[in-house]
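Read the structure below first, then the notes.
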Amino acid sequence: MEKRGLAILGSTGSIGTQALEVFEAHSDKFELVVLTANSNAALLIEQAKKYLPNTVVIADENRFEEVKNALWEDDIKVFAGKEALSQVVQMDEIEIVLTALVGFAGLEPTMSAIEAGKNIALANKETLVVAGELVTQRAQEKGVNIYPVDSEHSAIFQCIVGEFHNKIEKIYLTASGGPFRGKTTEDLKSVTKAQALNHPNWDMGAKITIDSASLMNKGLEVIEAKWLFGLKPEQIDVIVHPQSILHSLVQFEDGSIKSQMGLPDMKLPIQFALSYPDRFKSDFPRFNFADFPNLTFEQPDKDTFKNLQLAFDAMGASNGMPCVLNAANEVTVQAFLEEKIQFLDIANYNEKAMIHFSGSSASSIQELIALDDSVRSYVDSLI
Ligand code: NAD
Ligand code: MG
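Offset between the sequence shown (1-based) and my numbering: plus 40.
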C-alpha cells in the first residue's frame, strides 16, 4: 500500500497530539508531510524533531525565529503566519488534511485544501458551522471527501457505511451533558472556570470543554451534522447519555436504529477518519460490559442550557446566523476563560448577538470573514 501523505493542522492540541499517536502506531501507512501550531513553538519543535515532517508552520509570526533556528539542521521547512497555513495544505505530497485547529481560523485553510483536491479529516467543526453550505458544495465539485473526526459524527458515519443508498430517517446525537448536567439556572450563576473545565468523560482543549459545559458544543454538532449528512433540521435530535458509550445513533426508514459504541477515546474516530474504508488493528482499551451495567438516556434541558436552543434557532434562521452564533461564542468563551464574564453570560451575550445581527446573510467566504469580524467587535463592545 502506498503511504498516504498527511498534514495535521493544530498538531500541538488535544486532537493533534492524539493524531500523532495514531500516526506513530501506523507510520508504515502514512507519510507525515506538514505539522502546524498556533503559538506553542516548544511542542511544535519537539514534534518536528521526533516525526521529521517535510514542513512546519507556526501561525504566530513572533515565534518564527525560534522555530526556524531550532530546526535549521533537521532539513525541515519552516513557515509562519496564517496565510502559510492555506499555502502548505496544497502541497503535492499531501493526500489528506486533518483539521485539528480550533475555531473560525480553520475556515480558510480547509477551503484551500479542498480547492487543491485534498481529502479532509475534519475535527474543526466551527468551519462547517459557519460555512457548511460553501464547504460541502465545493468538496462535492472537487470530488473530495470530508471524513468526520468528531466522535458523534464518526459514529453516524460508521453506521451508514454500506448504507449509502438507504435514507436516514433521523439521527440522535448523544451528549454527555457535561459537568453541569442537572443543574438549574440558579446553580449555574456561581459556577467557576475550574468547574467548567472539569469534564467528566473527555479530556479536550479549553474551548471545546467550555462549549461542552454550556451545551454549545452539542449545538455546533447539530449544525455540523446537518451539513455532513445532508439532513433537515427536524431529522436531528439530541439525547443526553452521561456514560458516553453510545457515540450517536441513526434511525433508518424501516425504523431500525444503529449505533456505534465504545469507550470514550478520540483516537478511534481520528484513526477511522484516516484509515477509511479500512479499519486498522489497534491496542485502544476495549469496552467491558461489566463496567457499565447501566446505560442511561434523558432529554437535554434547553431552557437552562440556552446555547443548544440558540443553535437550533440559528440553523433555521438566515444563512449568516450560524456564523453570528459561532463568532459570538468564540468571543464569550475566551472572555469566560479570562474570567471577564460569568458562565451564564456566555449564552446571554450569544443571544444578544443573534438578535442584533438577525437576518444576516453571507454567501461567500469573504462575506463570512466580514460578518465574523463585525460580530466579534459587537460582542467585545458588550463585554
Ligand atoms: P486545542 O486547543 O487542544 O488545540 C488546538 C490546536 O490548534 C493547537 O495545535 C493550536 O496551536 C492550534 N490553533 C489554535 N488556534 C489557532 C489559530 N488561530 N491558528 C492556527 N492554529 C491554531 O483544541 P482541540 O481540543 O484539539 O480541538 C481542535 C478542534 O477539534 C476543535 O474544533 C474542536 O471542536 C474539535 N474537536 C475536539 C475534540 C477533542 O476531544 N479535543 C473532539 C471533537 C472535536
Ligand atoms: Mg463531539
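Beta carbons: idealized from backbone N, C-alpha and C, even for Gly.
Val290 sits away from Ile423, with the two beta carbons spaced by 7 angstroms or more. In the structure shown, Arg416 falls within a helical segment according to DSSP collapsed to helix, strand and coil. The beta-carbon distance between Trp267 and Leu168, rounded to whole angstroms, is 5 angstroms. This is short enough to meet the 8 angstroms contact definition. When secondary structure is reduced to three states using DSSP, Tyr389 falls in the helix class. In the three-state reduction of the DSSP assignment, Pro282 falls in the coil class, being assigned neither a helical nor a strand state. Membership of Met301 in the beta strand (DSSP E) is indicated by the continuous run Ile297 to Met301.
Taking C-beta atoms as the reference points, Val415 and Tyr389 fail to come closer than 7 angstroms.
Shortest Cα-Cα distance from Ile136 to any of Glu391, Gly217, Pro282 and Phe312 involves Phe312.
Pairing Gly202 with His287, the inter-Cα distance amounts to about 19 angstroms.
Comparing alpha carbon positions, the residue from Lys298, Val129, Pro240 and Leu111 closest to Ile200 is Lys298.
For Ala59, the enclosing alpha helix (DSSP H) begins and ends at Ser54 to Ala65. If you look at Asn159, you'll find it isn't in any alpha helix (DSSP H); it sits in the beta strand (DSSP E) that goes Asn159 to Leu162. Pairing Ile310 with Val189 gives a Cβ-Cβ distance under 7 angstroms.
Taking 7 angstroms as the cut-off, the Cβ atoms of Leu111 and Lys258 do not count as close.
In the DSSP assignment, Thr150 falls within the alpha helix (DSSP H) that extends over Leu147 to Glu155. Here Lys247 is buried: its Cβ has 16 or more other Cβ atoms, across all protein chains shown, within 10 Å. Across the structure, Cys363 and Val175 are spaced so that their CA atoms are roughly 13 angstroms apart.
Between Gly399 and Ser358, the gap from beta carbon to beta carbon is short of 7 angstroms. Taken through DSSP and simplified to helix, strand or coil, Arg319 comes out as coil.
The beta-carbon separation of Leu314 and Val73, rounded to 13 angstroms, does not stay under the 8 angstroms limit for a contact. Cβ-Cβ separation between Lys158 and Val129: approximately 6 angstroms, consistent with a contact (criterion under 8 angstroms).
Residue Leu237 holds the alpha-carbon nearest to the alpha-carbon of Gly218 among Ala330, Phe204 and Leu237.
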